[in-house]
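Structure first, then comments.
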Amino acid sequence: MTHTTPDVSTPAGIIRLGNMFCDAKALLTAVELRLFTVLHEKGEASEEEIRGALELHGRGLGDFLSLLTALGLLERSEGKYRNSQGADTYLVQGEKTYVGGFLERSNRNLYPAWGRLAEGLRTGQQQSGSDFDAVTRNPHILRQFVGMMDALTHVVGPELAQKYDWSAHASVLDVGGARGNLCSIITKHHPHLTGHVFDLPAMEPLFDERVAQDGLTERVTFHGGSFFTDPLPTADVVVLGHVLHDWDKSQRAALIAKAYDAVNPGGTLLIYDRMLEDESTHIENLVISLDMLLVTDGGEEYPISEAVAVAREVGFADVEVSPLSEYDTLVVCRKKS
Numbered sequence: 008m009t010h011t012t013p014d015v016s017t018p019a020g021i022i023r024l025g026n027m028f029c030d031a032k033a034l035l036t037a038v039e040l041r042l043f044t045v046l047h048e049k050g051e052a053s054e055e056e057i058r059g060a061l062e063l064h065g066r067g068l069g070d071f072l073s074l075l076t077a078l079g080l081l082e083r084s085e086g087k088y089r090n091s092q093g094a095d096t097y098l099v100q101g102e103k104t105y106v107g108g109f110l111e112r113s114n115r116n117l118y119p120a121w122g123r124l125a126e127g128l129r130t131g132q133q134q135s136g137s138d139f140d141a142v143t144r145n146p147h148i149l150r151q152f153v154g155m156m157d158a159l160t161h162v163v164g165p166e167l168a169q170k171y172d173w174s175a176h177a178s179v180l181d182v183g184g185a186r187g188n189l190c191s192i193i194t195k196h197h198p199h200l201t202g203h204v205f206d207l208p209a210m211e212p213l214f215d216e217r218v219a220q221d222g223l224t225e226r227v228t229f230h231g232g233s234f235f236t237d238p239l240p241t242a243d244v245v246v247l248g249h250v251l252h253d254w255d256k257s258q259r260a261a262l263i264a265k266a267y268d269a270v271n272p273g274g275t276l277l278i279y280d281r282m283l284e285d286e287s288t289h290i291e292n293l294v295i296s297l298d299m300l301l302v303t304d305g306g307e308e309y310p311i312s313e314a315v316a317v318a319r320e321v322g323f324a325d326v327e328v329s330p331l332s333e334y335d336t337l338v339v340c341r342k343k344s
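8 is the number of the first residue of the sequence shown in the numbering used here; add one for each residue after it.
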């Protein structure tokens, strides 16, 4: 995907680039206010109707709605606003295609943390105050977290279910699979598969809720534990998706080695993350890598070459690399029979 930036050979372009955080904050604020959800329910609404529904003061609201219209998130006709097609598909709470969970997390954690980027670069320390143990102890925050994870797997999951050939396998294990969204997507696409999700015990109630909604209680099983200290269940296919980038290089290598042991003979490890090419110029993935600096104690978007090298070192016989969705890279690691 081509990322368009302002023309930084001009003063106006440089200033515009410096102010692009304003566009982002407008979107994040609209999600926080549930604007797109309200407009979906109403169909369309005037500025005054929006003010009343969202309980806003009114000052600045017209400019706010005009900016969202200029950004392509709203449409305006005869004084009424409605969601654009993209906003109505992906930014309405409660819809299965909702990606706002990721944006809610961006607003809550990433936006403030980016205000301390200079300090992060000076110290190498995370700047969000994130503590995953604290997240798992707070049911409300944990539900927000899994909403963010679901937003990502709603994008990647359907493509992975179709891109990889699952026909020779009987089971799949998603390591760090949260409440089982990816596993649910894959097993629904491939009814011959049984699914397994390994994550912290606090995830289990949310997992039970999700698989029951999908009618998969008999086919997808939860296993509670820590993937650093507890053994992993075995499966024909093991998935490490958006997991390795949370950890430092030595921890990533340890997890790949542990996953190798969990893959049945003749099976496969699937790794996907927003990996970086050497001297990468991929703006979106470089931004995410800096996100990891700001919100984890050692994470980063690591080089593709690192994942390939470690997979071979731990014993995988064949390793292939291909794109997955717009931003991710898929590394397919096959184990000898």
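Here a beta-carbon is modelled for each residue, glycine too, at the ideal position from N, C-alpha and C.
Quick test of your reading: residue i and residue j, contact by CB under 8 Å. State the CB separation rounded to the nearest angstrom.
i: histidine 252; j: tyrosine 309; result: 7 Å
i: asparagine 271; j: alanine 242; result: 7 Å
i: aspartate 172; j: lysine 195; result: Contact flag wrong, Cβ pair sits at about 17 Å.
i: leucine 337; j: tyrosine 279; result: 5 Å
i: leucine 276; j: cysteine 340; result: 4 Å
i: aspartate 325; j: valine 246; result: That pair is no contact at about 17 Å.
So for residue i, helix, strand or coil by DSSP?
i: leucine 35; result: helix
i: leucine 207; result: coil
i: threonine 9; result: Here threonine 9 scores only 42 on pLDDT, less than 50, and its place in the model should not be relied on; the value that follows carries that caveat. If DSSP states are grouped into helix, strand and coil, threonine 9 belongs with coil.
i: leucine 301; result: helix
For the alpha helix (DSSP H) that residue i lies in, which residues bound it at each end?
i: glutamate 216; result: 211 to 220
i: leucine 159; result: 146 to 170
i: threonine 17; result: First-last for threonine 17: undefined, no H or E at that position.
i: phenylalanine 71; result: 68 to 77
i: serine 174; result: Element bounds for serine 174: n/a, residue is neither H nor E.
i: asparagine 26; result: Segment: none, asparagine 26 is in no alpha helix (DSSP H) and carries neither H nor E.
i: histidine 199; result: Where histidine 199 is concerned, there is no enclosing alpha helix (DSSP H), given that its DSSP letter is neither H nor E.
So is the beta-carbon of residue i under 7 Å away from any non-hydrogen atom of the ligand HEM?
i: isoleucine 290; result: The ligand HEM is absent from the structure shown, which contains no ligand whatsoever.
Bridge partners for residue i per DSSP, in chain order?
i: tyrosine 88; result: Ala52 and Arg83
i: arginine 341; result: Thr275 and Asp325
i: alanine 242; result: Val270
i: valine 182; result: Phe205
i: leucine 61; result: Answer is none; leucine 61 lacks a bridge partner.
i: leucine 331; result: Asp335
What are the boundary residues of the beta strand (DSSP E) that residue i is part of?
i: histidine 230; result: 227 to 231
Quiz prompt | Inside the region 245 to 297 only - beta strand (DSSP E) runs reaching at least 3 residues | solution = 270 to 280
Practice problem: Taking only runs that begin and end inside the region 103 to 139, name each unbroken alpha helix (DSSP H) of 4 or more residues, in chain order. | Solution: 107 to 112, 118 to 121 and 124 to 130
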